[in-house]
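Its first residue numbered 1, the sequence shown is counted upward by one per residue in UniProt numbering. Note that beta-carbon positions come from the ideal geometry of N, C-alpha and C, so glycine has one too. Below: the structure, in structure tokens.
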Amino acid sequence: MWAQAFSLVTPRIQVEFGIPESQYGDIFSVFHAGLTVGAAVWGVLVDVVGRRVAFNCTVAITSVFGLLIGALDSWSAILAVAFFVGFGLGGNIPIDATIVMEFIPKKQRWLLAALSVFQPLGVITTALIAWGLVPRNTCAFTSPASSCRLVAPGEPCCTKASNYGWRYAVFTIGAISLA
Numbered sequence: 001m002w003a004q005a006f007s008l009v010t011p012r013i014q015v016e017f018g019i020p021e022s023q024y025g026d027i028f029s030v031f032h033a034g035l036t037v038g039a040a041v042w043g044v045l046v047d048v049v050g051r052r053v054a055f056n057c058t059v060a061i062t063s064v065f066g067l068l069i070g071a072l073d074s075w076s077a078i079l080a081v082a083f084f085v086g087f088g089l090g091g092n093i094p095i096d097a098t099i100v101m102e103f104i105p106k107k108q109r110w111l112l113a114a115l116s117v118f119q120p121l122g123v124i125t126t127a128l129i130a131w132g133l134v135p136r137n138t139c140a141f142t143s144p145a146s147s148c149r150l151v152a153p154g155e156p157c158c159t160k161a162s163n164y165g166w167r168y169a170v171f172t173i174g175a176i177s178l179a
């Protein structure tokens, strides 16, 4: 859900904060760096702390940091927190399959393949959430140059108060991750 979420909300973040096109991809880079580091770290930690503890920790990290993104007011902070969303998710991906294989009876191991179905369902759910929340709660401006940080005082611009759609979407996805 989170990779899709970043794809859907980053254009609105870009407008609100006045992020130039040259920095647009930074959120995807730090998120994927977090995925990589998370997979490596949790791949070792899972054997130290146990699968259930590691699974619960990775879900908590992903959810809490995901929720936090919606409360932030700077691009640098969003990038730092996006890394930790990736870190939690990167650890969770290998752990969930391991837990399924460990606890499901052999006759029902086919359910591991069924687990794969939830990834595209998450993508669809994320798209529907963003479709329902972002356009209805977004400022009318579409250019990063319309950020209030970049225009002269008194000029019309994209304010935080007029651009809550991406925050609502992130809060909703974070809450689903936590549930």
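Would you tell me roughly how many angstroms separate the C-alpha atoms of residue i and residue j, rounded to the nearest one?
i: residue 57; j: residue 150; result: 40 Å
i: residue 130; j: residue 71; result: 17 Å
i: residue 95; j: residue 107; result: 21 Å
i: residue 119; j: residue 155; result: 43 Å
i: residue 69; j: residue 24; result: 16 Å
i: residue 83; j: residue 66; result: 10 Å
i: residue 8; j: residue 127; result: 7 Å
i: residue 76; j: residue 62; result: 18 Å
So residue i and residue j are supposed to be a Cβ contact under 8 Å. How far apart are they, rounded?
i: residue 33; j: residue 93; result: The pair is not a contact, with the Cβ atoms about 15 Å apart (cut-off 8 Å).
i: residue 184; j: residue 147; result: Within the shown structure, residues of the chain are numbered from 1 to 179, placing residue 184 beyond reach of any answer.
i: residue 144; j: residue 165; result: No, residue 144 and residue 165 are not in contact; Cβ-Cβ is about 16 Å, not under 8 Å.
i: residue 27; j: residue 79; result: 6 Å
Does DSSP put residue i in a helix, in a strand, or in coil?
i: residue 57; result: helix
i: residue 162; result: coil
i: residue 22; result: helix
i: residue 7; result: helix
Indicate whether residue i and residue j have their beta-carbon atoms separated by less than 9 Å.
i: residue 122; j: residue 37; result: no
i: residue 60; j: residue 88; result: yes
i: residue 174; j: residue 30; result: no
If you follow the alpha helix (DSSP H) that residue i is part of, which residue opens it and which one closes it?
i: residue 94; result: 75 to 103
i: residue 70; result: From DSSP, residue 70 is part of no alpha helix (DSSP H); its letter is neither H nor E.
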